[in-house]
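One structure is given below, encoded as structure tokens.
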Amino acid sequence: MQLRVVHTTHYEYDGKAVASYNQARLTPVTTPEQIVVHTRLEVSPKPWTYDYRDYFGTHVTAFEVVDPHDTMTVTATSTVQVNRPAPHEPSMTWDQLGAREVSDRWTEYLMLPDLVAPPEDFARRARQVAASAALPGVAARELCALVADEVEYVPGATDVNTTALRSWQQRAGVCQDMAHLVLGGLRSIGIPARYVSGYHHPSDSPVVGEAVVSASHAWVEWWDHGWHPFDVTSSLEPDDRYVVLATGRDYDDVKPISGIYSGAATTGMDVTVELTRLA
11 MQLRVVHTTH
21 YEYDGKAVAS
31 YNQARLTPVT
41 TPEQIVVHTR
51 LEVSPKPWTY
61 DYRDYFGTHV
71 TAFEVVDPHD
81 TMTVTATSTV
91 QVNRPAPHEP
101 SMTWDQLGAR
111 EVSDRWTEYL
121 MLPDLVAPPE
131 DFARRARQVA
141 ASAALPGVAA
151 RELCALVADE
161 VEYVPGATDV
171 NTTALRSWQQ
181 RAGVCQDMAH
191 LVLGGLRSIG
201 IPARYVSGYH
211 HPSDSPVVGE
221 AVVSASHAWV
231 EWWDHGWHPF
241 DVTSSLEPDD
251 RYVVLATGRD
261 YDDVKPISGI
271 YSGAATTGMD
281 VTVELTRLA
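All letters in the sequence shown, in the order written, are residues 11 to 289 by my numbering.
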């Protein structure tokens, strides 16, 4: 499936903003499952830019706008060819997972920073799931099902700084919160797991040429002789309707746009995402 993604972020300031320094992680990655055919990042007012790859392999565009401005618009347009293989069944054993070559290689994805650190009652249930699962991959799927069953998808119930602890306590959140909960649970039982940001076409059968409104999305991947993706929010394994932007330990590693500026306060931010199936 070939998809075009147009992600637009518009900022308005209460007066003039100056000395704005930012990083954008809005360029999809090229992998064996997805090929970036075309990509373009446009910023208005016109900035100075510099591109690089971060530690996790994400394409980052650093840009700065030093002329006084009362609005700023960042538009990322990408065309991506996606061809994901059929999901593989769990195969790695607990003994293989505990080997040093796995834990040392993926040590970053076993850490428990505040965003993903699981509350004790959730960690206890994760251990119970692990104890009854023959394979780590089976435990991972059961943990995803647990979160999907008990955490209600409620837009606005959380924000980008909400921790797994809080979202579990209130049993509500969005895709980011569900991903953080699963990551903390998986890591607490020794399964390397990482956060994935990207996009998801909302239609089961996307119509060629039809533009639809979408949004940024988040899901997880765990290590099972390779990275195994799972969308906790939708309770399915990502298919050709999914486009990966970035991977990292948690949301803080994959923020679409982050930065600092001086001058007036921000009075508004509007984000739109449009997806079109091209072929």
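Ideal Cβ placement from N, Cα and C applies to all residues, glycine included.
These numbers were taken from a predicted model, which means no experiment stands behind them.
Query - Element boundaries [alpha helix (DSSP H), containing residue 157] - result: Locating residue 157 in the sequence shown gives position 147, counting from the first residue. It spans 146 to 160 - the alpha helix (DSSP H) in which residue 157 sits, taken as one unbroken run.
Query - Uninterrupted alpha helix (DSSP H) stretches inside the region 166 to 215 (no shorter than 4 residues) - result: 174 to 180 and 185 to 198
Requested in this report: Specify, as a first and last residue, the run of the beta strand (DSSP E) that residue 255 falls within.
Outcome: As a position in the sequence shown, residue 255 is number 245, starting the count at 1. Unbroken beta strand (DSSP E) run through residue 255: 252 to 258.
Query - Given 8 Å, three or more beta-carbon pairs between the region 252 to 261 and the region 204 to 224 - result: yes
Query raised in the report: Which residue comes first and which comes last in the alpha helix (DSSP H) that contains residue 14?
Result: Taking the sequence shown and counting its residues from 1, the one referred to as residue 14 is at position 4. From DSSP, residue 14 is part of no alpha helix (DSSP H) but of the beta strand (DSSP E) over 12 to 34.
Report task. Please determine if the region 258 to 266 and the region 28 to 36 are in contact, where contact requires at least 3 C-beta pairs separated by less than 8 Å. Result -> yes
Query raised in the report: In three-state DSSP terms, what is residue 277?
Result: In the sequence shown, the residue the question calls residue 277 occupies position 267. Three-state result, residue 277: strand.
Report task. Can you tell me the Cβ-Cβ gap for residue 135 and residue 156, rounded? I've got them flagged as a contact below 8 Å. Result -> Residue mapping note: residue 135 aligns to position 125 of the sequence shown, counting from 1. Residue mapping note: residue 156 aligns to position 146 of the sequence shown, counting from 1. Their Cβ separation, rounded to whole angstroms, is 7 Å, which keeps residue 135 and residue 156 in contact under 8 Å.
**Report entry** Whole-angstrom distance between residue 20 and residue 279, CA atom to CA atom
**Finding:** The sequence position of residue 279 within the sequence shown is 269, counting from 1. The sequence position of residue 20 within the sequence shown is 10, counting from 1. Whole-angstrom Cα-Cα distance: 6 Å.
Query raised in the report: Below 9 Å between beta carbons: does that hold for residue 39 and residue 256?
Result: For the purposes of this step, residue 39 is identified with residue 29 of the sequence shown, where counting begins at 1. For the purposes of this step, residue 256 is identified with residue 246 of the sequence shown, where counting begins at 1. Yes, Cβ-Cβ distance for residue 39 and residue 256 is below 9 Å.
Requested in this report: Compute the distance between the beta-carbons of residue 145 and residue 174, then report whether it is under 9 Å.
Outcome: Within the sequence shown, residue 145 is the residue found at index 135, counting from 1. Within the sequence shown, residue 174 is the residue found at index 164, counting from 1. No, these two residues do not count as a Cβ contact at 9 Å.
Query raised in the report: Does the beta-carbon of residue 231 have 16 or more other beta-carbons within 10 angstroms, so that it is buried, or is it exposed?
Result: Reading the sequence shown from its first residue, position 221 is the one you call residue 231. Residue 231 comes out buried.
Query raised in the report: Cα separation between residue 151 and residue 70?
Result: Reading the sequence shown from its first residue, position 141 is the one you call residue 151. Reading the sequence shown from its first residue, position 60 is the one you call residue 70. Their backbone Cα atoms lie some 32 Å apart in a straight line.
Requested in this report: List the whole-angstrom C-beta distance separating residue 24 from residue 225, where the pair is believed to meet the contact cut-off of C-beta under 8 Å.
Outcome: For the purposes of this step, residue 24 is taken as residue 14 along the sequence shown, with counting starting at 1. For the purposes of this step, residue 225 is taken as residue 215 along the sequence shown, with counting starting at 1. At roughly 26 Å, the Cβ-Cβ gap does not stay under 8 Å, so residue 24 and residue 225 are not in contact.
**Report entry** Boundaries of the alpha helix (DSSP H) in which residue 229 is found, first to last residue
**Finding:** Looking up residue 229 in the sequence shown gives position 219. No alpha helix (DSSP H) contains residue 229, which is instead part of the beta strand (DSSP E) from 226 to 233.
Query raised in the report: Quick one, which of 90, 17, 284 and 74 has its alpha-carbon nearest residue 42's?
Result: Along the sequence shown, read from residue 1 onward, the residue named residue 42 stands at position 32. If we check each option's Cα against that of residue 42, 90 comes out closest.
Query raised in the report: Per DSSP, residue 289 is paired with what?
Result: Taking the sequence shown and counting its residues from 1, one reaches residue 289 at position 279. Residue 289 is not bridged to any residue.
Query raised in the report: Between 16, 259 and 76, which lies nearest to residue 273 when the distance is taken from Cα to Cα?
Result: As a first step, residue 273 is located in the sequence shown; it is residue number 263 there, counting from the start. Comparing Cα-Cα distances from residue 273 to each of 16, 259 and 76, the minimum goes to 76.
Query raised in the report: If you count every other CB in all the chains shown that lies within 10 Å of the CB of residue 229, and 16 or more means buried, which is it?
Result: For the purposes of this step, residue 229 is identified with residue 219 of the sequence shown, where counting begins at 1. With 16 or more Cβ atoms within 10 Å of its Cβ, residue 229 is classed as buried.
Query raised in the report: If you check the beta carbons only, do residue 125 and residue 260 fall under 9 Å apart?
Result: In the sequence shown, counting from the first residue as 1, residue 125 sits at position 115. In the sequence shown, counting from the first residue as 1, residue 260 sits at position 250. Yes.
Query raised in the report: Any idea if residue 238 is buried or exposed, counting beta-carbon neighbours within 10 angstroms, 16 or more meaning buried?
Result: One-based indexing of the sequence shown puts residue 238 at position 228. Buried: at least 16 other Cβ atoms inside 10 Å.
Requested in this report: Could you tell me if residue 287 is buried or exposed, where buried requires 16 or more neighbouring beta carbons within 10 angstroms of its beta carbon?
Outcome: Residue 287 sits at position 277 when you count from the first residue of the sequence shown. Label assigned to residue 287: buried.
Requested in this report: Pull up the CB-CB distance for residue 199 and residue 110, whole angstroms please, since I reckon it's below 8 Å.
Outcome: Along the sequence shown, one-based indexing puts residue 199 at 189. Along the sequence shown, one-based indexing puts residue 110 at 100. Contact doesn't hold; Cβ gap of about 17 Å is too wide.
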